[in-house]
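As numbered in our numbering, residues 1 to 267 make up the sequence shown, in order.
Cβ atoms here follow ideal geometry from the backbone N, Cα and C, with glycine treated the same way.
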Amino acid sequence: MTGSHFQKAERKDSKLATGKTSQSHKFPSKCLSLVFCSMISFLSLISFRFRQHNRIPNILGLIDCVVVKFVRPSRNEEAFYHHKHSHAMNVQVVCDDNHIIRNIRICPGSNNDRHVWRHSDIREKLQSLREDQQIVREEGRYYFLGDSGYTSSPIMLTPIQNAPEGSAEALYTSEHTRTRCQIEQTFGIYSNVWLAISRRRVLPYKPKKVALIILACAVLHNFRRLNGIRPGFPAQNHANNDRHVFEEGDFQAGILERQRLIYRYYV
Numbered sequence: 001m002t003g004s005h006f007q008k009a010e011r012k013d014s015k016l017a018t019g020k021t022s023q024s025h026k027f028p029s030k031c032l033s034l035v036f037c038s039m040i041s042f043l044s045l046i047s048f049r050f051r052q053h054n055r056i057p058n059i060l061g062l063i064d065c066v067v068v069k070f071v072r073p074s075r076n077e078e079a080f081y082h083h084k085h086s087h088a089m090n091v092q093v094v095c096d097d098n099h100i101i102r103n104i105r106i107c108p109g110s111n112n113d114r115h116v117w118r119h120s121d122i123r124e125k126l127q128s129l130r131e132d133q134q135i136v137r138e139e140g141r142y143y144f145l146g147d148s149g150y151t152s153s154p155i156m157l158t159p160i161q162n163a164p165e166g167s168a169e170a171l172y173t174s175e176h177t178r179t180r181c182q183i184e185q186t187f188g189i190y191s192n193v194w195l196a197i198s199r200r201r202v203l204p205y206k207p208k209k210v211a212l213i214i215l216a217c218a219v220l221h222n223f224r225r226l227n228g229i230r231p232g233f234p235a236q237n238h239a240n241n242d243r244h245v246f247e248e249g250d251f252q253a254g255i256l257e258r259q260r261l262i263y264r265y266y267v
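What follows is the structure, encoded as structure tokens:
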């Protein structure tokens, strides 16, 4: 699998992405990536809203993956074979505190979450923000929150498992978990309203059409959120928690960055 993108587009909050596809690429060997309501244009606003609910500074988004299943494809079957869900797409989503999808990346199911994250444009953009010294001086460093399946890195904050009760680490983990659960709620809202992508469904379509359905549902989900349309039932946990993502090169730096934040804001 290559990490290059089948398509990329950026839109402002007032212009939702349409999900149009490029005819110059073949989906089976690529990942499809689309940016909605670009986070980069609203750094301070998004991080300010997250900060109203916890002490972790400069949160820019919450990230996780979810699986969307479909029937066995007639071509490139191995590319879409997911070890737990047969044939599927692995869908990485980044949301904000209002359950708006800010970034979505759709990859064939054989790509694990580590691969999807490591080769995503959104990871590169977040890293570039960290390396921009002017932004660091004026606004600080920005982060994503991920669950314990992801390995800590300087741009990915994860919870601390088995933190001693009452410790600064436990306080940090409690606020982290409470905040990060909003990505699971987003998956619940997203897939309970648009039943085509429910985990209970197996779509009877070819991979490219499945990807377009996922994108269309994301566009419609954002339209509802931005226009104040709320679901009439509680969100459910639809997160894909069947994996562990390990990135050895970032691990020690991530642990040090997490401890720095805990010492500064929770001790």
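Identify the residues that DSSP records as bridge partners of residue i: which are they?
i    : result
F70  : L203
F144 : G61, M156
I100 : None, per the DSSP bridge assignment.
Q92  : C65, R105
L32  : I106
Just the Cα atoms here: how many angstroms apart are residue i and residue j?
i    : j    : result
R75  : Y81  : 12 angstroms
E131 : T173 : 26 angstroms
E47  : P164 : Reading off the sequence, residue 47 comes out as Ser, not Glu. Rounded to the nearest angstrom, the two C-alpha atoms are 28 angstroms apart.
F70  : A79  : 13 angstroms
L34  : V68  : 17 angstroms
S110 : W117 : 14 angstroms
L226 : T177 : 25 angstroms
I189 : A88  : 20 angstroms
Q252 : I229 : 43 angstroms
I265 : Q52  : The residue asked about is misnamed: residue 265 is Tyr in this sequence, not Ile. Looking at the two C-alpha atoms, the distance is approximately 14 angstroms.
A211 : A196 : 12 angstroms
L145 : R200 : 27 angstroms
D121 : M156 : 15 angstroms
F223 : A216 : 11 angstroms
V93  : N103 : 6 angstroms
Q161 : R258 : 13 angstroms
Q133 : L126 : 13 angstroms
S148 : K209 : 32 angstroms
Q185 : V193 : 12 angstroms
C65  : H115 : 12 angstroms
F50  : F42  : 13 angstroms
S128 : I135 : 10 angstroms
P231 : E124 : 34 angstroms
L256 : G166 : 21 angstroms
V202 : H83  : 16 angstroms
S191 : H221 : 9 angstroms
H119 : P57  : 25 angstroms
V219 : F187 : 14 angstroms
Taking 7 angstroms as the threshold (C-beta atoms), are residue j and residue i in contact?
i    : j    : result
I101 : C107 : no
E175 : N98  : no
A170 : V267 : no
P73  : P204 : no
C31  : R105 : yes
I59  : Y150 : no
L261 : R180 : no
Can you look up residue i in the DSSP assignment and give me helix, strand or coil?
i    : result
S47  : helix
H269 : The structure shown does not extend to residue 269, since the chain spans only 1 to 267, so no value can be given for it.
R55  : coil
V219 : helix
S198 : coil
H83  : coil
V267 : coil
R123 : helix
E175 : helix
Y190 : helix
S128 : helix
A211 : helix
G149 : coil
R165 : Here residue 165 turns out to be Glu, not Arg, going by the sequence shown. It is coil, neither helix nor strand.
I183 : helix
G228 : coil
R137 : helix
R258 : helix
Write down the C-beta distance between residue i and residue j rounded to the nearest angstrom, noting that I regard them as a contact closer than 8 angstroms.
i    : j    : result
V91  : I214 : 6 angstroms
D250 : P159 : Between P159 and D250 the Cβ distance is about 16 angstroms, and since that is not below 8 angstroms, they are no contact.
S44  : E139 : 7 angstroms
D152 : G254 : In the sequence as presented, Asp is not what sits at residue 152; that position holds Ser. Their Cβ separation, rounded to whole angstroms, is 3 angstroms, which keeps S152 and G254 in contact under 8 angstroms.
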